[in-house]
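**Student:**
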Amino acid sequence: MSYVVARELTKYFNLSDPWVVRKITGRKKQILTAVDGVSFSIKKGETYALVGESGSGKSTIAQMVSGLLRPSMGSVLIDGHDFHNNNIDGSSLRNMRQRIQMVFQSPYASLNPRWKVGDIILEPIRSFQLIADRQEQQKRVAELLDQVGLSPRDINKYPHEFSGGQRQRISIARALASQPEIIICDEPTSALDVSVQAQVLNLLKELQHEFLLTYLFISHDLAVISTMANTIGVLKNGQLVEEARGPVLLKNPKHDYTKMLLSSAPDIGSIKT
Ligand SMILES: Nc1ncnc2c1ncn2[C@@H]1O[C@H](COP(=O)(O)OP(=O)(O)O)[C@@H](O)[C@H]1O
Ligand SMILES: [Mg+2]
331 MSYVVARELT
341 KYFNLSDPWV
351 VRKITGRKKQ
361 ILTAVDGVSF
371 SIKKGETYAL
381 VGESGSGKST
391 IAQMVSGLLR
401 PSMGSVLIDG
411 HDFHNNNIDG
421 SSLRNMRQRI
431 QMVFQSPYAS
441 LNPRWKVGDI
451 ILEPIRSFQL
461 IADRQEQQKR
471 VAELLDQVGL
481 SPRDINKYPH
491 EFSGGQRQRI
501 SIARALASQP
511 EIIICDEPTS
521 ALDVSVQAQV
531 LNLLKELQHE
541 FLLTYLFISH
551 DLAVISTMAN
561 TIGVLKNGQL
571 VEEARGPVLL
581 KNPKHDYTKM
591 LLSSAPDIGS
601 IKT
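Be aware that the sequence shown starts at 331, since it is given in the working numbering, and climbs by one per residue.
Right under this line is the structure:
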């Protein structure tokens, strides 16, 4: 059975001027269809990779799947439960939020610069009330730092004391802290140098095997996508134009847009993980 199912996900953004302004200027309502009827499913422990150029709707999908943004139409099922259902009770919603975590492109933006690393990683443990005992909390934070290749001694440092790759490791440690089953990675290595990219991608793969994590992995970069994906979905203007198992899609693309993406990505296979 599929673990994550997106059904006909659609998101409209209302870009219209306020009603009064429209009345005066005679301008029409402007509705942007950012995501248009996108369906896919992810098996437990696998990686579904979404590729598409900037503005194609990737982050909007990520936010709907993670529960941060409500779809205009369609639904997200996690392990059979509908996330956006109005009838879902508070504790089930909390439970879902704990099971799905996100890693974003820019660790500068997603890590609070005034917090020490230990507190950043501890925050989900506290907020989901996973460990009450202080000493046990510190032990867990040290364990998480170790799991992402950082040192337990880093607990008292601030984000700016780390390199870009290390900062992304902190983000990953924080994502792991709530013991999630699903991690949504939205351009997790796009801000990193190529050599560092491979290390972070490697770490994500190792963690996936160790904890049987399910990934929704998003990137505009087909070279990155090709090292991570079990299945690849190609997104264009908010629509899924092609989907196939990774090697099949890379070898035998069907849609013209996929062919174009492939021909403009000569470095596929260059990232050794
Ligand atoms: N909150 C928002 N309000 C209005 N438009 C938005 C909002 N978020 C995204 N968009 C628009 O939706 C489209 C898809 O954006 P996004 O999902 O961020 O694409 P991607 O992540 O693939 O670059 C873009 O045209 C973007 O400008
Ligand atoms: Mg984006």
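Where a beta carbon is used, it is the ideal one built from N, C-alpha and C, also for glycine.
Taking the alpha-carbon of GLN496 as reference, which of SER508, ALA507 and ASP523 has the nearest alpha-carbon?
**Tutor:** Residue mapping note: residue 496 aligns to position 166 of the sequence shown, counting from 1. Cα-wise, what sits closest to GLN496 is ASP523.
**Student:** With distances taken Cα to Cα, identify the nearest neighbour of LEU399 among LEU339, ASN582 and THR355.
**Tutor:** For this step, residue 399 is matched to residue 69 along the sequence shown. It is LEU339.
**Student:** Give the range of the alpha helix (DSSP H) segment to which GLY404 is assigned.
**Tutor:** Locating residue 404 in the sequence shown gives position 74, counting from the first residue. Premise fails: GLY404 lies in the beta strand (DSSP E), 403 to 408, not in any alpha helix (DSSP H).
**Student:** Using a threshold of 6 Å, is the CB atom of SER389 nearer than that to any non-hydrogen atom of ligand 2?
**Tutor:** Walking along the sequence shown from the start, residue 389 turns up at place 59. Result yes, Cβ under 6 Å from ligand 2.
**Student:** Pull up the CB-CB distance for GLU511 and THR544, whole angstroms please, since I reckon it's below 8 Å.
**Tutor:** Taking the sequence shown and counting its residues from 1, one reaches residue 511 at position 181. Taking the sequence shown and counting its residues from 1, one reaches residue 544 at position 214. Confirmed, Cβ separation roughly 6 Å.
**Student:** Just confirm the distance between the C-beta atoms of GLU573 and PHE434, as a whole number of angstroms; I'd bet it's less than 8 Å.
**Tutor:** The residue given as residue 573 occupies position 243 in the sequence shown. The residue given as residue 434 occupies position 104 in the sequence shown. Not quite, the Cβ-Cβ distance comes to about 24 Å (not below 8 Å), so this is no contact.
**Student:** With three or more C-beta pairs closer than 8 Å as the rule, is the region 537 to 556 touching the region 481 to 492?
**Tutor:** No contact exists between the region 481 to 492 and the region 537 to 556.
**Student:** Run the CB neighbour count on SER396, radius 10 Å, all protein chains shown included, and call it buried at 16 or more, exposed below.
**Tutor:** In the sequence shown, the residue the question calls residue 396 occupies position 66. Answer is buried; the Cβ neighbour count reaches 16.
**Student:** Please find out if some non-hydrogen atom of ligand 1 comes closer than 6 Å to the beta-carbon of PHE434.
**Tutor:** Residue mapping note: residue 434 aligns to position 104 of the sequence shown, counting from 1. It does not: the Cβ of PHE434 is nowhere closer than 6 Å to a heavy atom of ligand 1.
**Student:** Rounded to the nearest angstrom, what separates ASN416 and LEU531 at their Cα positions?
**Tutor:** Along the sequence shown, read from residue 1 onward, the residue named residue 416 stands at position 86. Along the sequence shown, read from residue 1 onward, the residue named residue 531 stands at position 201. Distance between the alpha carbons of ASN416 and LEU531: 36 Å.
**Student:** Using a threshold of 7 Å, state whether the C-beta atoms of SER436 and ALA521 are closer than that.
**Tutor:** Here residue 436 refers to the residue found at position 106 when the sequence shown is read from its first residue. Here residue 521 refers to the residue found at position 191 when the sequence shown is read from its first residue. Their beta carbons are under 7 Å apart, which means SER436 touches ALA521 by this criterion.
**Student:** Can you determine whether any heavy atom of ligand 1 sits closer than 6 Å to the C-beta of PHE343, and answer yes or no?
**Tutor:** Start at 1 with the first residue of the sequence shown, and residue 343 comes out as number 13. Flag set: Cβ of PHE343 near ligand 1.
**Student:** Can you have a look at ALA528 and say buried or exposed, based on whether 16 or more other CB atoms are within 10 angstroms of its CB?
**Tutor:** Position 198 of the sequence shown, counted from the first residue, corresponds to residue 528. Burial call: buried.
**Student:** Could you please give the first and the last residue of the uninterrupted alpha helix (DSSP H) stretch that includes PHE541?
**Tutor:** What you label residue 541 is simply residue 211 of the sequence shown in a count that begins at 1. Element bounds for PHE541: 524 to 541.
**Student:** Among VAL447, ASN582 and ARG456, which has the Cα closest to the Cα of GLN292?
**Tutor:** Because the chain spans 331 through 603 in this model, residue 292 falls outside it and cannot be assessed.
**Student:** Would the C-beta of GLY385 count as close to ligand 1, meaning under 6 Å from any of its heavy atoms?
**Tutor:** Here the question's residue 385 lines up with position 55 in the sequence shown. For ligand 1, at least one heavy atom lies less than 6 Å from the Cβ of GLY385.
**Student:** Helix, strand or coil: how does DSSP classify ILE430 here?
**Tutor:** Counted from its first residue, the sequence shown places residue 430 at position 100. It is a strand residue.
**Student:** Helix, strand or coil for GLU511? Go by DSSP, reduced to three states.
**Tutor:** Translated into the one-based positions of the sequence shown, residue 511 becomes position 181. Of the three classes helix, strand and coil, the one that applies to GLU511 here is coil, per DSSP.
**Student:** Is SER389 helix, strand or coil by DSSP?
**Tutor:** Residue numbering aside, residue 389 sits at position 59 when the sequence shown is read from its first letter. The answer is helix: DSSP assigns SER389 an H, G or I state.
**Student:** Any heavy atom of ligand 1 inside 6 Å of the beta-carbon of ALA521?
**Tutor:** Mapped onto the sequence shown, residue 521 falls at position 191. No, the beta carbon of ALA521 sits no closer than 6 Å to any heavy atom of ligand 1.
**Student:** Closer than 8 Å is the cut-off here; do at least three beta carbon pairs connect the region 404 to 423 with the region 573 to 588?
**Tutor:** With the cut-off at 8 Å, the region 404 to 423 and the region 573 to 588 do not touch.
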